[in-house]
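Take a look at the structure below.
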Ligand SMILES: Nc1nc2c(ncn2[C@@H]2O[C@H](COP(=O)(O)OP(=O)(O)O)[C@@H](O)[C@H]2O)c(=O)[nH]1
Ligand SMILES: [Mg+2]
């Protein structure tokens, strides 16, 4: 994953993709927008909630991120999101915006599948009652698989001939085929290694091809389910059905619309609310000096409903957790780079931990340095207390995750990335 991680939000029409995306993006985004290399209409910056390094050193008061924000040691780090619309049954055959959708998907490193568990929308997203959302989980995976399978089957004859004549390994041949999906050799190898008793490629029948593609999908598109609309009365029974059928799946219960509402009330200064928690405070809770505006009867009632139906029952609206789960699936670790390793400050001022980026756990320190500093010659890498860190050392949570890079004299290059 040399570029920034990208999380695709998928699901049938009206499942709540845009609502989920909006609930994760708008927030306090006014504090530092995130620079994109390319801006596309369906892309947005979400904010991943992590434990900030500032709280390890009691420096919460001085923490002022360049991008995102930090509140009492909870930091919200920018992460790219992609709204992948237009997937309906038959998309792999080109129905709906099928092919456009599937092409968008190639760039994603993980998926959040938004499932409408209220059962009030059918497979095409049209209003109904009592629809079984289990079906959505199945057909969506099937459409992605059929799309990849279709692309592969079209060329299978020539793929096998070439594989045999060039005496390639399975990984080499599949790497060439799956490269278009942004898969590298390591990912292809991991997928292949996860299959037991795989025969030589020239012996694969349709069943083996399906098995291989399913394995590839598990690694290329690891998926978190957002079981959305839990505020709806029919949601409970559908949620249990899904969890019973897929006990090993990563699923988070969400009410995206509730998160939107709470963030709006917060922005309008009606409530105090920490995103991702169950804590909502009003003027009535905090007293006349808190600076909040009074709620009218209607808003008070709506807020009480939200507490009863969502916050107290499920512990939160779930959207913050869904993004955290997607980051877990990708094994992302926040790395804090500072200018001064003793004070954790940047170039000037007393603010600490201004820069934080997400990298895959186990990434080498040297590779973190290169992706942040560009092609400059780095003389030394230091961690906390100025301890030297080897470029071959790896990063993890709380390990080599606070770093400073000492550039060799005269080693400053114009390619240095800020
Ligand atoms: N009850 C409820 N409705 C929701 C929730 N999230 C989205 N919706 C509604 O579902 C409809 C479709 O949402 P939208 O985000 O446009 O779906 P998309 O087509 O997947 O992007 C809208 O009317 C939303 O207000 C939720 O958490 N609870
Ligand atoms: Mg939408």
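Residue numbers (the working numbering): -15 to 402.
Beta carbons are placed, not taken as given, at the ideal position from N, Cα and C, and that holds for glycine.
Predicted model, so just to flag it, every value in this text is computed and none were measured.
Of the choices 47, 239 and 165, whose alpha-carbon is the least far from that of residue 99? Here residue 99 is taken as the residue at index 115 of the chain shown, counted from 1. Comparing Cα positions, the closest option is 239.
Examine ligand 2 and report whether any of its heavy atoms sits within less than 7 Å of the Cβ of residue 1. Reading the chain shown from its first residue, position 17 is the one you call residue 1. Within the cutoff, so yes.
Look at the alpha carbon of residue 109 and the alpha carbon of residue 102, and state the distance between them as a whole number of angstroms. Taking the chain shown and counting its residues from 1, one reaches residue 109 at position 125. Taking the chain shown and counting its residues from 1, one reaches residue 102 at position 118. If I take the Cα positions, the gap works out to 12 Å.
For residue 236, I'd like the list of residues in its chain whose CB is within less than 8 Å of its CB, leaving aside the five on either flank, ordered along the chain. Stepping through the chain shown from its first residue, residue 236 is reached at position 252. When the five nearest sequence neighbours on each side are left out, the beta carbons in the same chain lying within less than 8 Å of the beta carbon of residue 236 are those of 208, 209, 210, 211, 302, 305, 306 and 309, in order along the chain.
Using three-state DSSP, classify residue 205 as helix, strand or coil. Position 221 of the chain shown, counting from 1, holds the residue named residue 205. Residue 205 falls in the coil class under three-state DSSP.
Just to confirm, does residue 88 get its C-beta within under 7 Å of one of the non-hydrogen atoms of ligand 2? Working through the chain shown from its first residue, we reach residue 88 at position 104. Not one heavy atom of ligand 2 sits closer than 7 Å to the Cβ of residue 88.
Sort 388, 366 and 230 by Cα distance to residue 119 and report the nearest one. Walking along the chain shown from the start, residue 119 turns up at place 135. When only C-alpha atoms are compared, the closest one is 230.
Determine whether the beta carbon atoms of residue 254 and residue 263 lie at a separation below 8 Å. Position 270 of the chain shown, counted from the start, is the residue given in the question as residue 254. Position 279 of the chain shown, counted from the start, is the residue given in the question as residue 263. No, the Cβ-Cβ distance between residue 254 and residue 263 is not below 8 Å.
Selection from 202, 191, 189 and 161 that minimises the alpha carbon distance to residue 177: On the chain shown, position 193 is the one that residue 177 refers to. Among 202, 191, 189 and 161, the Cα nearest to that of residue 177 belongs to 202.
For residue 294, which residues in the same chain have their Cβ closer than 7 Å to its Cβ, ignoring the five residues on either side in sequence? Sequence index remark: in the chain shown, residue 294 carries index 310 (1-based). Excluding sequence neighbours, residue 294 sits near 214, 215, 239, 242 and 301.
Using the Cβ count rule (16 or more neighbours within 10 Å means buried), how would you classify residue 270? Counted from its first residue, the chain shown places residue 270 at position 286. The residue in question, residue 270, is exposed, as its Cβ has fewer than 16 Cβ neighbours within 10 Å.
Taking the alpha carbon of residue 186 as the reference point, which residue from 140, 227 and 353 has its own alpha carbon closest? Taking the first residue of the chain shown as 1, we reach residue 186 at position 202. Across the set 140, 227 and 353, the C-alpha of 140 shows the shortest separation from the C-alpha of residue 186.
Counting only the same chain and skipping the five closest in sequence on each side, list residues whose C-beta sits under 6 Å from that of residue 7. Translated into positions along the chain shown, residue 7 becomes position 23. Hits under 6 Å: 240, 243, 244 and 303.
May I ask you to report which of helix, strand or coil DSSP gives residue 281? Mapped onto the chain shown, residue 281 falls at position 297. Correct three-state label for residue 281: helix.
Leaving aside the five residues before and after residue 39 along the sequence, list all residues of the same chain whose C-beta is less than 6 Å from its C-beta, in chain order. Sequence index remark: in the chain shown, residue 39 carries index 55 (1-based). The residues are 57.
Please report how far the alpha carbon of residue 16 lies from the alpha carbon of residue -11, in whole angstroms. Position 32 of the chain shown, counted from the first residue, corresponds to residue 16. Position 5 of the chain shown, counted from the first residue, corresponds to residue -11. Residue confidence for residue 16 is low, a pLDDT of 39 falling below 50, so the modelled location carries little weight; the figure read from the coordinates is stated next. The alpha-carbon atoms of residue 16 and residue -11 are separated by roughly 19 Å.
Could you tell me which whole alpha helix (DSSP H) segments of length 4 or greater appear in the region 338 to 385? DSSP runs (the alpha helix (DSSP H)) wholly in the region 338 to 385: 349 to 357.
Cα separation between residue 30 and residue 5? As a working mapping, residue 30 is identified with position 46 in the chain shown. As a working mapping, residue 5 is identified with position 21 in the chain shown. Residue 30 and residue 5: Cα-Cα distance of roughly 7 Å.
In this structure, how does DSSP classify residue -5 when only helix, strand and coil are distinguished? Residue -5 sits at position 11 when you count from the first residue of the chain shown. Here DSSP, grouped into helix, strand and coil, assigns residue -5 to coil.
Inter-residue spacing [alpha-carbon to alpha-carbon] between residue 154 and residue 288: Walking along the chain shown from the start, residue 154 turns up at place 170. Walking along the chain shown from the start, residue 288 turns up at place 304. Looking at the two C-alpha atoms, the distance is approximately 58 Å.
Going by the beta-carbon positions, is the gap between residue -6 and residue 95 smaller than 8 Å? Within the chain shown, residue -6 is the residue found at index 10, counting from 1. Within the chain shown, residue 95 is the residue found at index 111, counting from 1. Against a cut-off of 8 Å, the Cβ pair of residue 95 and residue -6 comes out as a contact.
Measuring only from the beta carbon, is residue 157 closer than 7 Å to any heavy atom that is part of ligand 4? In the structure shown, ligand 4 is absent; the only ligands present are ligand 1 and ligand 2.
On the three-pair Cβ rule with 8 Å, is the region 364 to 383 touching the region 341 to 351? Because the criterion of three Cβ pairs below 8 Å is met, the region 364 to 383 and the region 341 to 351 touch.
Please state whether DSSP places residue 389 in a helix, a strand or coil. Working through the chain shown from its first residue, we reach residue 389 at position 405. Looking at residue 389 - three-state DSSP - the assignment turns out to be strand.
Could you please give the first and the last residue of the uninterrupted alpha helix (DSSP H) stretch that includes residue 160? Numbered from 1 along the chain shown, position 176 holds the residue referred to as residue 160. Element bounds for residue 160: 154 to 162.
Touching by the beta-carbon criterion (3+ pairs, under 8 Å), the region 310 to 321 and the region 278 to 286: These segments do not touch.
For residue 42, tell me which candidate among 335, 389, 388 and 339 has the shortest Cα-Cα distance. Counted from its first residue, the chain shown places residue 42 at position 58. Closest in C-alpha terms to residue 42, from the list 335, 389, 388 and 339, comes 335.
Can we count residue 269 as close to ligand 2, meaning its CB is less than 7 Å from some heavy atom? Within the chain shown, the letter at position 285 stands for residue 269. No - ligand 2 has no heavy atom lying nearer than 7 Å to the Cβ of residue 269.
Could you tell me if residue 370 is buried or exposed, where buried requires 16 or more neighbouring beta carbons within 10 angstroms of its beta carbon? Numbered from 1 along the chain shown, position 386 holds the residue referred to as residue 370. Classification of residue 370: exposed, given that the 10 Å Cβ count is below 16.
Out of 60, 392 and 159, state which residue places its alpha-carbon closest to the alpha-carbon of residue 136. Counted from its first residue, the chain shown places residue 136 at position 152. Comparing Cα positions, the closest option is 159.
Please confirm whether residue 76 and residue 164 have their CB atoms less than 8 Å apart. Translated into the one-based positions of the chain shown, residue 76 becomes position 92. Translated into the one-based positions of the chain shown, residue 164 becomes position 180. Not closer than 8 Å, so no.
DSSP bridge partner residues for residue 256 (one or two, in chain order): Counting from 1 along the chain shown, the entry for residue 256 is found at position 272. Beta-bridge pairing links residue 256 to 265.
Any beta carbon of chain B sitting closer than 8 Å to that of residue 189? No chain B appears in this structure, which consists of one protein chain only.
How would you call residue 299, buried or exposed, if buried means at least 16 neighbouring beta carbons within 10 angstroms? On the chain shown, position 315 is the one that residue 299 refers to. Exposed, because fewer than 16 other Cβ atoms sit within 10 Å of the Cβ of residue 299.
Assigned secondary structure, residue 241 (DSSP; H/G/I helix, E/B strand, else coil): As a working mapping, residue 241 is identified with position 257 in the chain shown. Three-state DSSP puts residue 241 in a helix.
What number of angstroms, rounded off, separates the C-alpha of residue 324 from the C-alpha of residue 356? For the purposes of this step, residue 324 is taken as residue 340 along the chain shown, with counting starting at 1. For the purposes of this step, residue 356 is taken as residue 372 along the chain shown, with counting starting at 1. If I take the Cα positions, the gap works out to 16 Å.
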